[in-house]
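*Asks:* Okay, so the sequence shown: first residue is 412 according to my numbering, each after it adds one.
This structure is in structure tokens; I'll ask about it shortly.
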Amino acid sequence: MSLNPNANPLEDYDLSHPMNSKVGLRQGLTAYGDAHFSLFLRKAFIKAAGYGEDALTRPVIGIINTGSGFNPCHANVPQLIEAVKRGVQLSGGLPIEFPTISLHESFSSPTSMYLRNLMSMDTEEMIKAQPLDACIMIGGCDKTVPAQLMGGISANKPVLPLVTGPMMPGSYKGARIGACTDCRNNWAAYRAGLMDIEDIAAINDELAPTFGTCGVMGTASTMACLLASLGLMPLRGASAPAVSATRLRVAEETGKNAVAAVSDEHRPQAILTKESFLNAITVLQAIGGSTNAVVHLLAIINRHPAVAGTISLDTFDEIGRKTPLLVDLKPSGDNYMTDFHNAGGMTALLHTLRPLLFLGAKTITGQSLGEVLDASVAHDFPYSREIIRPLSNPLYPRSSIVVLRGNLAPGGAVMKASASKDRRLLNHAGPAIVFSDTEDLARRIDDPELPVTADSVLVLQGIGPIGFPGMPEAGLLPLPRKLGAIGVQDMLRISDGRMSGTAGGTIILHVSPESVVPGSVFGVVRDGDIIRCDVENRVIQLDIPHEEIARRIEDKKTYGFNQKQERENERVQRFVRAQCESGRARSRF
């Protein structure tokens, strides 16, 4: 695609001059049967915004504005847009911003995942419909980045992601704290009675002291690192703080790169290959990234016509077995995204991972990943090696994220093993305590009469994508308060839903098939059933006879087995028996 900012603008009105250019406003003209008239109308309307003829000869770089008063992760979007525009204009392009859906994890009901695909469609259709030569997609909060990349790949114009960046950590009584691993840890301590109400209220003021995405290796940070590993944005763009000058310089550079991508026609379906995504999965394992990235990456991959179907859940486990956890960030480690950035960020990490990567994978600049690394400097200093470990001294030997299978999850289940707070639970068998849905969980988890011990396995059903559209991040079941009060900090927990990337614990997620699917073994687990988890051998098993499982599945198909209703019936029967006993007792006097 050629750029010619010096073209004679009067050519657009010359009926003898064929409309050959497809750059800028000359693309996607409405079919009135007269291309010159279509362009004439388009230019007439956009001139209402004050554009001159010279500006309208330039390649158009779209800028997606996902700012929203309900999205503090994106509060710096206005500043980023100004920096992007500067970069575009310095390179001879015409920047035009436009809005799309904005999603924040805490302000989307019933769950932001419910809206991810809608945002993806919004992004795709706006990129396709509007006369854009390239598009810079500004996102950040968890679901926005995968939604934008899904839409961008399908639209298949040059797209360049720009993330808003992580927030800075806060401080309370001299200890660093940050959203949102420390949100969960401190709330758990408060629930257990280990912290008073004044402390938890004061901590609430410091968990998110600046705008930006969560400052740990949650889903937003994970997706930012994966974008960099895919070669779609500058490496330092994954970790530069939202409030930093570096973040603005990355935005300006992205604007320049967008104009260059137009002339070279760097479309995502041409740049991204299977090897690109295998690199991303390697990085996911090395950073101890969010389990949500498994869901998002598979959705992104399946938007790519040449790669769809070539990568499966098992691919994540295969790569994990040869990839150690190197990055010491919460929830698997102790530090924050600012530490990762100061330690060298993605540049240092990719240099360390070099033996495990496909270096021939292309990037948005046209260089290969290997060429990008050759042109970059990774400073090796003690602090860097504390945060980004060498391959010879990893934080966790392999497989931060594992895929488990067994009769409980024949379609697979996922666990972030590196975030376990009690490694003994990685090889554990215990009796199930079953909650049929989130309402059942909320009603009974703190019941003093709940027959639960530290060895119990907490099971939450009904939160898969069919049973609970949006597949909520409810997989981090709270520990019963009576156990927290005696020092229990972790239990084996299993669900067919998701969990925040900032959360830690020994938690099995995404059980497939989910509980509401006919024939699902997970859907017929009952209180007291023994569940066995063996992470080393990748097993998750319901240890009851096969015949009993088959009988329960058949009963569920026939009678609509509902353990919640069964419990309610038992409760009513106990009440009736108690009333009868009380009546007999009174009759004696």
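We put the CB at the ideal spot given by N, CA and C, even for glycine.
Does the beta-carbon of HIS921 have 16 or more other beta-carbons within 10 angstroms, so that it is buried, or is it exposed?
*Replies:* When all chains shown are included, HIS921 counts as buried.
*Asks:* On the DSSP letters alone, give me the boundaries of the alpha helix (DSSP H) that ALA586 sits inside.
*Replies:* Not the alpha helix (DSSP H): ALA586 falls in the beta strand (DSSP E), residues 586 to 588.
*Asks:* Going by the CB atoms, is the gap between TYR794 and VAL627 shorter than 9 Å?
*Replies:* No, the Cβ-Cβ distance between VAL627 and TYR794 is not below 9 Å.
*Asks:* For a test of the three-state rule: what should DSSP assign to GLU535, helix, strand or coil?
*Replies:* It is helical.
*Asks:* Would you call the region 653 to 661 and the region 703 to 712 in contact, with 3 or more CB pairs under 8 Å?
*Replies:* With a cut-off of 8 Å, the region 703 to 712 and the region 653 to 661 do not count as touching, because too few Cβ pairs lie within range.
*Asks:* According to DSSP, is PRO577 part of a helix, a strand, or is it coil?
*Replies:* If DSSP states are grouped into helix, strand and coil, PRO577 belongs with the strands.
*Asks:* Can you tell me which of ARG892, GLY878 and ARG909 puts its alpha carbon nearest to the alpha carbon of ALA885?
*Replies:* The shortest Cα separation from ALA885 among ARG892, GLY878 and ARG909 belongs to ARG909.
*Asks:* Among the candidates MET757, SER787, ASP750 and SER829, whose CA atom is the shortest distance from the CA of GLY731?
*Replies:* GLY731 has its Cα closest to that of SER829, out of MET757, SER787, ASP750 and SER829.
*Asks:* In three-state terms, what does DSSP make of ASN690?
*Replies:* DSSP places ASN690 in helix when its eight states are reduced to three.
*Asks:* Check whether the region 842 to 858 and the region 929 to 942 are in contact - that is, three or more C-beta pairs closer than 8 Å.
*Replies:* Contact between the region 842 to 858 and the region 929 to 942 is present, because at least three Cβ pairs lie under 8 Å.
*Asks:* Can you round the beta-carbon distance between ARG892 and ALA603 to whole angstroms, since I take them to be within the 8 Å contact cut?
*Replies:* Yes, ARG892 and ALA603 are in contact; Cβ-Cβ is about 6 Å, under 8 Å.
*Asks:* Report yes if the CB atom of ALA772 is closer than 9 Å to the CB atom of LEU780, and no otherwise.
*Replies:* Contact: yes.
*Asks:* Around the Cβ of GLY589, are there at least 16 other Cβ atoms within 10 angstroms (buried) or fewer (exposed)?
*Replies:* Classification of GLY589: buried, given that the 10 Å Cβ count is 16 or more.
*Asks:* Output needed for GLY777: all residues of its chain with C-beta closer than 6 Å, excluding positions within five of it in sequence on either side, in chain order.
*Replies:* Result list for GLY777: ASP675, in chain order.
*Asks:* Quick check on ASN419: does DSSP put it in helix, strand or coil?
*Replies:* ASN419: coil per DSSP, three-state reduction.
*Asks:* Figure out for me which residue from ARG943, ARG678 and VAL868 has the closest Cα to the Cα of ASP544.
*Replies:* The shortest Cα separation from ASP544 among ARG943, ARG678 and VAL868 belongs to ARG678.
*Asks:* Are the region 477 to 497 and the region 559 to 578 in contact at 8 Å, needing three or more beta carbon pairs?
*Replies:* Enough Cβ pairs lie closer than 8 Å, so yes.
*Asks:* Do you know offhand how far VAL983's Cα is from ARG854's?
*Replies:* Low local confidence applies: a pLDDT of 48 at VAL983 is under 50, so the model's placement there is unreliable, with the coordinate-based value given in what follows. Spanning the two alpha carbons is a distance of roughly 16 Å.
*Asks:* GLY873: which of PRO924, THR913 and THR917 sits nearest, CA to CA?
*Replies:* Ranking the options by Cα distance to GLY873, first place goes to PRO924.
*Asks:* Express the C-alpha separation of GLU965 and MET826 in angstroms, rounding to a whole number.
*Replies:* Cα-Cα distance, rounded: 29 Å.
*Asks:* For ILE492, tell me which candidate among GLN541, GLU508, GLY503 and SER479 has the shortest Cα-Cα distance.
*Replies:* Cα-wise, what sits closest to ILE492 is GLU508.
*Asks:* Thinking C-beta only, is ALA600 closer than 9 Å to ILE472?
*Replies:* Not closer than 9 Å, so no.
*Asks:* Comparing alpha-carbon positions, which option in PRO862, GLY881 and LEU871 lies nearest LEU894?
*Replies:* Taking only the C-alpha atoms, the option nearest LEU894 is PRO862.
*Asks:* Checking the sheet assignment: what are the DSSP bridge partners for TYR583?
*Replies:* Partner(s): ALA586.
*Asks:* Quickly, what does DSSP pair GLU508 with across the bridge? List them, please.
*Replies:* GLU508 is bridged to ILE474.
*Asks:* Measuring CB to CB, does LEU571 end up less than 9 Å from ILE547?
*Replies:* Yes; because the gap between Cβ atoms is below 9 Å, this pair is in contact.
*Asks:* Can you give, in chain order, each stretch of the alpha helix (DSSP H) that sits fully within the region 639 to 714 and has at least 4 residues?
*Replies:* Fully enclosed alpha helix (DSSP H) runs of 4 or longer: 656 to 675, 679 to 682, 685 to 698 and 703 to 712.
*Asks:* Within the same chain, show all residues whose beta-carbon is closer than 6 Å to that of ALA759, passing over the 5 residues directly before and after it, in chain order.
*Replies:* Here the set comprises ALA789, SER795 and ILE799.
*Asks:* Assign LYS967 to one of three DSSP states: helix, strand, or coil.
*Replies:* In the structure shown, LYS967 sits in a helix (DSSP, three-state: H, G or I).
*Asks:* Can you tell me whether LEU768 is buried or exposed? The criterion is at least 16 other CB atoms within 10 Å of its CB, across all chains shown.
*Replies:* It counts as buried.
*Asks:* Helix, strand or coil, according to DSSP, for ALA459 in the structure here?
*Replies:* Note: ALA459 maps to helix in three-state DSSP.
*Asks:* Return the chain-ordered list of same chain residues with a C-beta closer than 6 Å to the C-beta of ASP750, the five sequence neighbours on each side being excluded.
*Replies:* ILE798.
*Asks:* Would you tell me roughly how many angstroms separate the C-alpha atoms of SER926 and GLY841, rounded to the nearest one?
*Replies:* So the alpha carbons of these two residues sit roughly 20 Å apart.
*Asks:* Would ARG997 be called buried (16 or more neighbouring beta carbons within 10 Å of its own) or exposed?
*Replies:* Note on ARG997: pLDDT 40, under 50, position unreliable in the model; no value is reported.
*Asks:* Could you check if LEU501 is buried or exposed, using at least 16 other CB atoms within 10 Å of its CB as the buried criterion?
*Replies:* Classification of LEU501: exposed, given that the 10 Å Cβ count is below 16.
*Asks:* With C-beta atoms as the reference, is SER650 less than 9 Å away from HIS752?
*Replies:* Cβ distance < 9 Å, so SER650 and HIS752 count as in contact.
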